[in-house]
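Number of protein chains: 2
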Amino acid sequence: MPTTYTNLDLVKQCDKFPYAQTEPETYAREVSAIYKFHVEGCSSVLGFMLPSIVQDFQWSSAWKVDHQRKTVLLCGASVGERDENMARTLAAERQRSHFKVLTGWRDELYPVYGPDHDVLVNVERAASPLFGVVTYGVQMTAYVKTDLGLQVWVPRRAATKQTYPGMLDDTVGGGISSGDAPFASVVREAAEEASFPADYVARNARCCGLVSYFDVRDQRAAPGTETGLLQPECMYVYDLEVPPDLVPRPNDNEAEDFRLLRLPELCAALRSGEFKTNCALVLIDFFVRHGIVTPEGERDYVEIVARLHRRLEFPCA
Amino acid sequence: MPTTYTNLDLVKQCDKFPYAQTEPETYAREVSAIYKFHVEGCSSVLGFMLPSIVQDFQWSSAWKVDHQRKTVLLCGASVGERDENMARTLAAERQRSHFKVLTGWRDELYPVYGPDHDVLVNVERAASPLFGVVTYGVQMTAYVKTDLGLQVWVPRRAATKQTYPGMLDDTVGGGISSGDAPFASVVREAAEEASFPADYVARNARCCGLVSYFDVRDQRAAPGTETGLLQPECMYVYDLEVPPDLVPRPNDNEAEDFRLLRLPELCAALRSGEFKTNCALVLIDFFVRHGIVTPEGERDYVEIVARLHRRLEFPCA
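Chain order of the listed sequences is V and D.
Numbering-wise, the UniProt record's numbering puts 139 at position 139 of the first sequence, and it's gapless, one number per residue.
Numbering-wise, the UniProt record's numbering puts 159 at position 159 of the second sequence, and it's gapless, one number per residue.
Here you go:
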């Protein structure tokens with residue numbers, strides 16, 4: 001690992017799964033070893049599961065596991081049935097305490113979409129990396145235009161957080177639970193995490209795109225849990241320009257404090273790897289959209305912009 | 001073809017080549033039929049050539065064509081040698097008048113990059129789709145913030161233009177020739193095509209990312225020329241906010257006139273397919289970045305944003 005991360009190094013820290021077009025052999029080898037997660041009535045592959053995970057699961061009769069074809073099929077003719085089967089299996093696994101990622105149980109469901117953007121099943125958030133399904137989040141960058149140039153409000157994650165403790169973060173962010181919409185989610189998170197007034201955020205936050213990547217979880221994701229789990233993610237990115245007197249304050253236990261960082265400080269923190277890995281991607285995307293990272297200044301510009309917007313192999317929201 | 005184009009329809013009009021991850025059989029079939037363009041001393045595939053084009057070319061001894069492995073190799077130990085070999089072959093082909101795309105000869109070179117971002121060879125612009133190499137351009141959207149909301153300056157392409165005559169266009173755009181840089185190119189094109197003062201553009205234009213896609217040329221690209229040619233492209237996108245009194249005027253023969261269009265007019269023109277195909281993509285990207293196309297309002301948001309930023313299979317700038 002380099003001690004000074006380039007922007008491309010940072011992108012590669014999150015976008016780790018091989019690309020079929022450019023690494024056909026590696027891709028074919030990895031994918032052929034992986035189990036494909038399906039649900040009844042839909043032919044699409046919805047997630048990639050590690051063989052070790054599939055072996056260790058205690059599958060009930062609600063599942064059809066085919067070790068020849070390497071498929072894991074969840075039975076159930078309706079979303080309701082599939083949700084019930086999924087919940088029952090995961091509750092049993094949680095009780096059994098075999099999978100370490102389930103110690104981070106959230107009591108929060110994540111939707112899994114089919115090719116027509118319909119929800120096919122809902123999965124406990126902590127279990128989503130076991131199935132390798134696409135998860136969704138919102139990330140908002142709050143910035144101030146000052147005489148010293150653009151500055152960004154950056155929180156440090158609480159040392160007690162389950163994932164990426166103590167690292168720098170985007171101003172506001174969070175996962176999108178089943179039934180939630182991106183904009184509503186970012187407005188609520190902004191109030192909860194940063195004490196931003198909901199009406200101000202609702203009027204001024206602007207969705208500016210999506211950062212997507214295919215991560216392979218390492219130790220930092222949640223210390224002490226399974227590594228190598230596959231985690232394709234889509235983060236809706238929001239910009240919020242705030243006046244100098246609208247200062248974020250921690251409101252829940254997510255952030256320790258907020259600091260207003262100038263560009264050189266932001267770049268230094270990126271270079272030294274202080275940002276939570278996917279937050280670094282959101283900040284690089286912010287820099288690209290704001291003309292701070294430019295084609296003339298960044299030799300890997302084309303590669304970086306493409307990889308910040310990976311087209312995933314699964315149906316998406 | 002639908003009479004009302006969705007945003008995803010418009011993206012698909014430019015991003016036509018199959019994706020290996022999601023359409024593995026189609027991709028493998030297409031790629032196995034295609035010849036791979038190489039240059040001496042570099043193992044990377046630099047472009048995709050149609051078999052019919054490879055058959056019809058009159059290859060000199062400066063080329064090694066392997067019909068078994070389906071490769072076309074340009075010899076030459078240095079860029080200078082390869083440029084000379086390429087130029088000589090293309091001059092002969094131009095004289096022979098076999099390839100119709102060469103009737104659009106520009107006397108302008110396009111760079112072809114290797115994996116270290118080094119230029120491996122330069123190709124006459126009109127010939128680039130014969131080799132299926134990545135081409136680069138700049139596109140700038142000039143907009144005005146008014147009481148009626150955001151409005152965009154939209155030119156209509158001259159009826160005499162070789163490509164996409166009479167269609168609507170981005171405010172300013174053009175290809176990036178060998179030796180040129182994106183920002184310098186957009187400043188110059190803005191003066192040439194729209195009479196925007198160079199100093200204003202240099203101070204205020206902002207690079208906001210890259211739109212990339214893999215096109216398969218149809219009849220509209222250049223009426224009367226070969227269709228099916230493969231054209232991977234990278235467009236650096238720029239935003240330029242202009243005051244109401246900074247009005248673009250046609251300065252060369254590129255544009256017939258400029259009109260300031262409001263959002264409903266822009267959307268109507270997109271829906272009816274009036275925009276040049278890749279300009280529609282740049283406008284959709286602009287709408288995404290400015291929060292006009294949103295996750296809540298666009299059902300295909302995730303797919304659209306990813307496909308506006310395709311990672312190409314070739315080394316890039």
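C-beta: ideal position from N, C-alpha, C; glycine also.
> Does the distance from the CB of Ala190/D to the CB of Phe196/D come in under 7 Å?
Replying inline: It is a contact, given that the beta carbons lie within the stated cut-off.
> On the three-state DSSP scale, how would you describe Pro115/V?
Replying inline: It is coil, neither helix nor strand.
>> Can you find the residues in the same chain that come closer than 8 Å, C-beta to C-beta, to Leu210/D, ignoring five residues on each side of it along the sequence?
In response: Contacts found: Cys234, Met235, Tyr236, Val237 and His309.
>> Between the alpha carbons of Ala158/V and Arg249/V, how many angstroms are there, rounded?
In response: Cα-Cα distance, rounded: 13 Å.
> What's the gap between the Cα of Ser60/D and the Cα of Ser212/V?
Replying inline: Between Ser60/D and Ser212/V, the C-alpha separation is close to 46 Å.
> Can you list the residues of chain D that Phe183/V reaches, using a CB-CB cut of under 8 Å?
Replying inline: Correct list: Thr294, Pro295 and Glu296.
>> Which residues does DSSP list as the beta-bridge partners of His38/V?
In response: Leu73/V.
> For Lys64/D, which three-state DSSP category applies?
Replying inline: Three-state DSSP puts Lys64/D in a strand.
> If we cut at 7 Å on Cβ distances, does Ala77/V have a partner in chain D?
Replying inline: Not one chain D Cβ lies under 7 Å of Ala77/V.
> Between Arg217/D and Gly114/V, what straight-line distance do the alpha-carbon atoms span, to the nearest angstrom?
Replying inline: So the two alpha carbons sit approximately 31 Å from each other.
> Does any C-beta atom of chain D lie closer than 7 Å to the C-beta of His309/V?
Replying inline: His309/V has a beta carbon lying within less than 7 Å of a beta carbon in chain D.
>> Measuring alpha carbon to alpha carbon, tell me which residue in Asn85/V, Asn122/V, Ser52/V and Leu229/V is nearest Gly132/V.
In response: Ranked by Cα distance from Gly132/V, the first of Asn85/V, Asn122/V, Ser52/V and Leu229/V is Leu229/V.
> Which whole-angstrom value describes the C-beta separation of Arg106/D and Ala126/D, a residue pair presumed to lie in contact below a C-beta threshold of 8 Å?
Replying inline: That pair is a contact at about 5 Å.
> Near Gln139/D, which residues of its chain fall below 6 Å by C-beta distance, leaving aside the five closest residues on each side in sequence?
Replying inline: Asp170, Gly173, Met235, Val237 and Val282.
>> Please list the terminal residues of the continuous alpha helix (DSSP H) segment that includes Asp56/V.
In response: Residues Pro51 to Asp56.
> On the three-pair Cβ rule with 8 Å, is the segment 178-187 of chain D touching the segment 280-295 of chain D?
Replying inline: Touching, no.
> Can you tell which of Asp252/D, Leu168/D and Val302/D has its C-alpha closest to the C-alpha of Leu270/D?
Replying inline: Here the closest residue by C-alpha is Leu168/D.
> Using a C-beta cutoff of 7 Å, does Cys234/V count as contacting chain D?
Replying inline: It does: the Cβ of Cys234/V has a partner Cβ on chain D nearer than 7 Å.
>> Please confirm whether Thr163/V has its beta-carbon closer than 7 Å to some beta-carbon of chain D.
In response: No, no contact with chain D.
> Quick one, which residues of the UniProt domain "Nudix hydrolase" (135-283) of chain D are near chain V if we go by CB-CB under 7 Å, in chain order?
Replying inline: Within the UniProt domain "Nudix hydrolase" (135-283) of chain D, the qualifying residues are Ala181, Pro182, Phe183, Arg206, Cys207, Cys208, Gly209, Leu210, Ser212, Cys234 and Tyr236.
> When you check each C-beta in the segment 87-101 of chain V against every C-beta of chain D, which residues fall closer than 9 Å?
Replying inline: Answer set for the segment 87-101 of chain V: empty.
> Quick one: is Asn7/V buried, meaning 16 or more other Cβ sit within 10 Å of its Cβ, or exposed?
Replying inline: If you draw a 10 Å sphere on the C-beta of Asn7/V, you find 16 or more other C-beta atoms in it, and that means buried.
>> Under 7 Å, Cβ to Cβ, is there at least one residue of chain V near Gly47/D?
In response: No, because no Cβ of chain V sits closer than 7 Å to the Cβ of Gly47/D.
> Where does the unbroken alpha helix (DSSP H) through Arg82/V begin, and where does it stop?
Replying inline: Boundaries of the alpha helix (DSSP H) harbouring Arg82/V: Val79 to Arg96, taken from the DSSP string.
> Is Val293/V helix, strand or coil when you go by DSSP?
Replying inline: In the three-state reduction of the DSSP assignment, Val293/V falls in the coil class, being assigned neither a helical nor a strand state.
>> Within the continuous alpha helix (DSSP H) that includes Asp9/D, where are the two ends?
In response: Per DSSP, Asp9/D is one residue of the alpha helix (DSSP H) stretching across Asn7 to Cys14.
> Nearest to Val288/V by alpha carbon, out of Val123/V, Ala198/V, Ala306/V and Leu246/V?
Replying inline: Scanning Val123/V, Ala198/V, Ala306/V and Leu246/V for the CA closest to the CA of Val288/V turns up Ala306/V.
>> If you reduce the DSSP assignment to three classes, tell me which class Phe196/D lands in.
In response: The answer is coil: DSSP assigns Phe196/D none of H, G, I, E or B.
> In terms of residue numbering, what span does the alpha helix (DSSP H) encompassing Leu263/V cover?
Replying inline: Residues Leu263 to Arg271.
> What are the start and end residues of each continuous alpha helix (DSSP H) run of 4 or more residues lying completely inside the UniProt domain "Nudix hydrolase" (135-283) of chain D, in chain order?
Replying inline: Counting only unbroken stretches of 4 or more residues, the alpha helix (DSSP H) elements lying wholly within the UniProt domain "Nudix hydrolase" (135-283) of chain D are 182-194, 198-204 and 263-271, in sequence order.
> CA-CA distance, Thr3/V and Phe275/V?
Replying inline: The straight-line gap separating the alpha-carbon atoms of Thr3/V and Phe275/V is approximately 14 Å.
>> If you reduce the DSSP assignment to three classes, tell me which class Glu25/V lands in.
In response: Reduced to three states, the DSSP call for Glu25/V is helix.
> Between the segment 43-59 of chain V and the segment 137-153 of chain V, do at least 3 Cβ pairs fall closer than 8 Å?
Replying inline: Verdict: no, contact absent.
> Interface residues of chain V around His117/D at Cβ under 7 Å?
Replying inline: The contacting residues are Arg299.
> Residue range of the alpha helix (DSSP H) that Arg307/V falls in?
Replying inline: Looking at the DSSP string, the run of the alpha helix (DSSP H) that includes Arg307/V is Tyr301 to Arg307.
> For residue 320/D, which option in Thr103/D, Asp199/D and Arg156/D has the closest C-alpha, if you only look at C-alpha atoms?
Replying inline: With chain D covering only 1 through 317, there is no way to say anything about residue 320/D.
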